[in-house]
Structures are given as structure tokens and as C-alpha cells.
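Engineer: These protein sequence lines are chains A and B, in that order.
The first sequence runs contiguously to residue 213 in the numbering used here.
The second sequence runs contiguously to residue 426 in the numbering used here.
Idealized CB from N, CA, C, for every residue including glycine.
Could you have a look at this structure, given as C-alpha cells, before my questions?
Protein chains: 2
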Amino acid sequence: MRDVPGETTRLRVDARENRDRIVATAREAFAADGLDVSMTEIARRAGVGVATLYRRFPTKESLVTEVFSDQLEACTAEVHRAAADPDPWRGFCRVVAGLCEMQARDRGFSAAFLTAFPDAVPVDEKRASAEEVFAGLVSRAKAAGRLRPDFTTDDLTLVLMANDGLVTDSVDAAVAAARRLVAYFLQAFQANDPLPPPVRLGLREALGRDRPR
Amino acid sequence: MRDVPGETTRLRVDARENRDRIVATAREAFAADGLDVSMTEIARRAGVGVATLYRRFPTKESLVTEVFSDQLEACTAEVHRAAADPDPWRGFCRVVAGLCEMQARDRGFSAAFLTAFPDAVPVDEKRASAEEVFAGLVSRAKAAGRLRPDFTTDDLTLVLMANDGLVTDSVDAAVAAARRLVAYFLQAFQANDPLPPPVRLGLREALGRDRPR
DNA sequence: GGACAAGCGGAAGGTGCCCTCCACTTGAGC
DNA sequence: GCTCAAGTGGAGGGCACCTTCCGCTTGTCC
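Laid out in C-alpha cells, this is it:
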């Protein structure tokens, strides 16, 4: 395990360029093909050796975390912005639609956002903050009588996980599918018929499923 | 590529027992852990060598096809049974709920049912037949005024793919999540507000994603 | 009961992955 | 310009997977 230069250490300019190119390449690759793209392949596309890649990011997970940290930021920002909407129901719809659209446009994003990164503390912090804000939005939408009272914030996880299942070859198809899915969900969230009990979904494993026994 | 004894060839009794045990073991393994369970692991759990496994099933895909062929049969049977319901809306609900429940109970099933097996012709045939029957059920449910007119049969694929995203550690949690998801969907399917255009989702690759370029 | 094809297990081949090692190159400060 | 730590690329170690090979065992049929 080597040390990764933090904000304090300054990189040499060529190293800086390489690093930026790596992150940009990885972002595109993950978006297009999901998190399965190999480190060797990323290095090749970025025009560097694998050692260079591993010097900056000692593990694949660290690369994933880096790549999606600002995407996650954009995502939580979207939640905060939507929560500021004077109409809570419209804000609620924006959150659901916005997150699902992001997810559909980026195959790696869903995996990254739904995944718990044990090492990346700020990720969890931002997530928690966004969830809190969202919870406020939910209760206001309920108070306004637009959102069904038995909706729980765990249902957002349900929506995101369901939306994640809509894997398709083309981005356009994924976005179209996500839009229709969201429309169905939003209709259901306005209705008021009895529902099975809410479920708290566990987050998925990061890279590689765990093998029982 | 070796030859696989068909219905015509009779297996030796010990070989027959081994074969049955392999299929049973694989069924359990796939149900519990998905299609990622390795051939070596299946052979080990079945108490046979890998060569024995490969003698019966020359490729992993052939084993998967064999294992899920009768599950698929049960699935299409469920569709036919539900379609016979005098109340088309109730039948429709049974199809949606039934398929999703099966999917939630068996991690491998979703992958197998949503996946196109190029080699397994009967699979596709049964699928096609079930889809035809389901289409009839859909139009009757619409005629009865219970199902929204803009529902398309492709939306069933949407539901199944969405439900497939609800991967959880425990079966109970998966079933609970699927129930709630289905309840939301059924509410939305009764509503009648405008909706984005329907989407035709492509089926996923069988084993291992394809690598572009 | 004996012959032999069918069946068998485990070692090993081939591939792809994550990650490390190490000899070579190069930008930065004097 | 010279020095040298920082940076680099490619080979390869370790592992897991799917699949094949081959010498040994065993059910079956006469």
C-alpha cells in the first residue's frame, strides 16, 4: 500500500496531466461500460502504464471513489436545489426524476451511488446530509397532501435500485426507460390505496459480490 | 465440444444419479447466489469432479439452460393460469405479482428469464407463447376499464427488469421489496395520467457482459 | 464372472483480472 | 547544465474462472 499524495503534496506537471487524463478516461469508461472496465484497459485508453495508474490510485476502489466523488456532489446538489422548491411536490418529483436520469446516463454512477464505500468518509457524509434534506421535502409534500402518507424515504432507495435494473445497451434507451419508470412511480406516489409495509433495502457490496460460505 | 446424450441415449444408473444431483445442486446454488457460482464449486457441492459435470453439460450456459428450463415452464404456466382468470384485471395483477415473486425468490431466475439463450430454442418458444397470452390478458383488462390504455406489453419487461434491480442479501427482504414495488406499479397501472412513450427494452447478454471495441 | 465401454476425479491449460517490482526516464530547483 | 527524487512503463506474480486431458474405476451385458 503506497501513499497517495493529498491536497498538500504538489504533483509534477506531467504527473498532474496524467492524473487528470486518467480520471477523465475512467469517468468515460465507467459511464459507458460500468465499473467492470479493467484497470489495464483504463491505463491503455489513458495512454499510460498500469504502474502510473496504480501510483495515483493504489486500488481500483480508490479510483472509482475519486471518479464519482464529484458526480455524487452534483447529485446531492440536485437534491438540495430541488428541496428549495417552494412547491414540495414539484421538488419531490424533481429529485426522483433527476436522480433516475443521472443514473440512466451513467452506468457506473448507479453502482457508485448505491454502493457503500467504507473508505470514503465524505461520501457517506454527503449522502447522509442529502437524505436528511430529502426527508424534509417528503414530509412537506405529505403535508401539502400531494404525497401519500405511507411513503418512506427508503422508497427512494427502492426507486433507485429498481431504476438500476434498467440496464440497456444504449444510453438513450436507458433514459427513455427511466423516464417511463419514474412516471409510473410518481403516479403511484400520489395515489392512496393500501400498500405492503415499507422495506429497508441493504446497500450492495462495492466491487465483486461476497461469496457465502 | 463433446456430445451430450439426448433423450434417446440411456445413461448408466450411477451417471443418472450424478446428473440429477448436479442439476439439483446447481438449482439451489443459482437460486441462492445467482449465476456467478463457479462450475468447480457446483461440482464440489454435488460431490462430483468437474469432469463429470462437463461430461453432462459441455458448457456452463448449457447447465444454466437445463436448470432453468422447468422454472421457466412454471413461470409460463403461471401466466397461462392467470390469463384464464375470468376477471382480466385480477389475472393481470396475478401475472405481475407472481413473476416478480418468483424473481425475488430466485436470484438466478431473473437472470435466466430476462436473458436470451441463443442455443435454447424451446425457451424462446415458450416465452413467445406466454407473451402472446399475456397480450390477450392486457387487452381484456383494458377493455374492462381497469388497466390504463397506454400500457404496453413491453411494460412487463420494464417491471421485471426493475424488479431485478432489487438485489438483497436475504430472500425475505427481496420478496418484501418486490411486493412493495409491485403494489406501486399496480397503482400506477390503474391510473390514467399522461405518460412518456413506451420503451422496448433490449434483453441482456447471457453470461459475462460484452466488451465494446 | 469377465470384457469393455461408459463413467469418473483431479491435475493442468488458457485467459483475464488486480496489483507489485524494478530498471529506466524526466521535470524542477539550484 | 546538473542532480536526483519523482515519475514512468511493462513484465509478471497471484488468483479465480471455464474448460480439457488422461489414466483409473465401475456398471452392464453376455
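1. So residue 319 of chain B packs on residue 307 of chain B, CB below 8 angstroms; how close in whole Å?
2. Does chain B have any CB closer than 8 angstroms to the CB of residue 161 of chain A?
3. What would DSSP say about residue 513 of chain B, mapped onto helix, strand or coil?
4. In whole angstroms, what separates the C-alpha of residue 246 of chain B from that of residue 163 of chain A?
5. Classify residue 299 of chain B as helix, strand or coil using the three-state DSSP reduction.
6. Would you kindly work out how many angstroms separate the C-alpha atoms of residue 291 of chain B and residue 344 of chain B, rounded to a whole number?
7. Which two residues bound the contiguous alpha helix (DSSP H) that contains residue 26 of chain A?
8. Using CA coordinates, which residue listed in A/128, A/129, A/149 is at the minimum distance from residue 138 of chain A?
9. Looking at residue 278 of chain B: is its Cβ nearer than 8 angstroms to the Cβ of residue 263 of chain B?
10. Using a Cβ-Cβ cut-off of 8 angstroms, state whether residue 168 of chain A counts as contacting chain B.
11. Quick one: what does DSSP say residue 253 of chain B is sitting in, helix, strand or coil?
12. Could you have a look at residue 398 of chain B and say whether DSSP puts it in helix, strand or coil?
13. Tell me which residues share the same chain as residue 168 of chain A and place their Cβ nearer than 7 angstroms to its Cβ, disregarding the 5 neighbours each side in the sequence.
14. Would you please verify whether the beta carbon of residue 165 of chain A is less than 8 angstroms from any beta carbon of chain B?
15. What are the boundary residues of the alpha helix (DSSP H) that residue 405 of chain B is part of?
16. Counting only Cβ pairs nearer than 7 angstroms, list the residues of chain B close to residue 109 of chain A.
17. Check whether the segment 65-76 of chain A and the segment 21-32 of chain A touch, using three or more Cβ-Cβ pairs below 8 angstroms as the test.
18. Could you give the residue range of the alpha helix (DSSP H) that holds residue 162 of chain A?
19. Whose Cβ in chain A lies nearer than 7 angstroms to the Cβ of residue 406 of chain B?
20. So that I know if they touch, is there some Cβ in chain B lying closer than 8 angstroms to that of residue 201 of chain A?
21. Report yes if the CB atom of residue 379 of chain B is closer than 8 angstroms to the CB atom of residue 161 of chain A, and no otherwise.
22. By the criterion of Cβ-Cβ separation under 9 angstroms, what are the contact partners of residue 149 of chain A in chain B?
23. Do residue 397 of chain B and residue 188 of chain A have their C-beta atoms within less than 8 angstroms of each other?
24. So residue 359 of chain B and residue 195 of chain A are supposed to be a Cβ contact under 8 angstroms. How far apart are they, rounded?
25. Taking residue 173 of chain A as the query, report the chain B residues whose CB atoms sit under 9 angstroms from its CB, ordered along the chain.
26. Taking the straight line between their C-alpha atoms, what separation do you get for residue 260 of chain B and residue 249 of chain B?
27. Does the distance from the CB of residue 134 of chain A to the CB of residue 74 of chain A come in under 8 angstroms?
28. Quick check on DSSP: helix, strand or coil for residue 380 of chain B?
29. Determine the chain B residues that contact residue 179 of chain A at a beta-carbon separation under 7 angstroms, and present them in chain order.
30. Got a sec? Which residues, its chain only, sit under 6 angstroms from residue 405 of chain B by beta carbon, not counting five neighbours each side?
31. Should residue 88 of chain A be labelled buried (16 or more other beta-carbon atoms within 10 Å of its own) or exposed?
32. Could you compute how far the alpha carbon of residue 16 of chain A sits from the alpha carbon of residue 62 of chain A?
33. In this structure, does DSSP put residue 304 of chain B in helix, strand or coil?
34. Rank A/38, A/10, A/30, A/70 by C-alpha distance to the C-alpha of residue 171 of chain A and give the top, closest one.
35. For residue 399 of chain B and residue 309 of chain B, which I take to be in contact (beta-carbon distance under 8 angstroms), what is that distance rounded to the nearest angstrom?
Structural biologist: Taking the geometry as given:
1. Incorrect: roughly 18 angstroms between the Cβ atoms, too far for contact.
2. Chain B places a beta carbon closer than 8 angstroms to that of residue 161 of chain A, counting this residue as a contact.
3. Since the displayed chain B opens at 214 and closes at 426, residue 513 of chain B lies outside it and no answer follows.
4. 22 angstroms
5. coil
6. 12 angstroms
7. 13-33
8. A/149
9. no
10. yes
11. helix
12. helix
13. 174, 177
14. yes
15. Run containing residue 405 of chain B: none; DSSP gives neither H nor E here.
16. Going along chain B, no residue has its Cβ under 7 angstroms from residue 109 of chain A, so there is no contact; the nearest lies around 14 angstroms.
17. Judged by Cβ distances under 8 angstroms, the segment 65-76 of chain A makes contact with the segment 21-32 of chain A, as three or more pairs qualify.
18. 154-164
19. 187
20. yes
21. yes
22. The contacting residues do not exist; residue 149 of chain A stays about 14 angstroms from chain B at best.
23. Note that the C-beta distance between residue 397 of chain B and residue 188 of chain A is below 8 angstroms.
24. Their Cβ separation, rounded to whole angstroms, is 18 angstroms, which puts residue 359 of chain B and residue 195 of chain A out of contact at 8 angstroms.
25. 412, 413, 414, 415
26. 19 angstroms
27. no
28. coil
29. Listed by position along chain B, the residues whose Cβ is nearer than 7 angstroms to that of residue 179 of chain A are 409.
30. 361
31. buried
32. 17 angstroms
33. helix
34. A/30
35. 7 angstroms
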